[in-house]
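A.B. asks: Residue numbers (full-length UniProt numbering): 1 to 114.
Following this message is one structure expressed as structure tokens.
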């Protein structure tokens, strides 16, 4: 029997001409920090139809872990150092959360965004 994970799907609308800088900051700063903090990043990257649209998918063992890990992440000194470099490039962000079986998370991992 497959285990269920609490999934957070974030979409971002980025400022024009900030797409490459945002992606570089994700690849070189944000995603490594997520991994360092024990947060599972399932997939991330720009949308194929419009590079100003960006996707970040994270997986957690429970709703409680989701709240605790993100609270720790956003309060940590390393995030506070890089926050402005990332957040300043975002116009808006939208979040969807849902439960998903582990077996299906593999499909999300295989999303080809770029």
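Ideal Cβ placement from N, Cα and C applies to all residues, glycine included.
Just reading off the alpha helix (DSSP H) that residue 69 is part of, what are its end residues?
C.D. replies: It spans 63 to 75 - the alpha helix (DSSP H) in which residue 69 sits, taken as one unbroken run.
A.B. asks: How about residue 59 and residue 105: are their beta carbons less than 8 Å apart?
C.D. replies: Yes, they are a contact pair.
A.B. asks: Does DSSP classify residue 48 as helix, strand or coil?
C.D. replies: Three-state DSSP puts residue 48 in coil, outside helix and strand.
A.B. asks: Are the beta-carbon atoms belonging to residue 93 and residue 12 less than 8 Å from one another?
C.D. replies: Contact flag set, yes.
A.B. asks: DSSP has residue 10 in a bridge; who is on the other side?
C.D. replies: Answer is 56 and 95, bridged to residue 10.
A.B. asks: With distance defined between alpha-carbon atoms, name the residue in 33, 108, 18 and 16 nearest to residue 80.
C.D. replies: With distances taken between Cα atoms, residue 80 lies closest to 33.
A.B. asks: Going by DSSP, what residues sit across from residue 101 in a beta bridge?
C.D. replies: Beta-bridge pairing links residue 101 to 4.
A.B. asks: DSSP state of residue 31, grouped into three classes?
C.D. replies: Helix, per DSSP.
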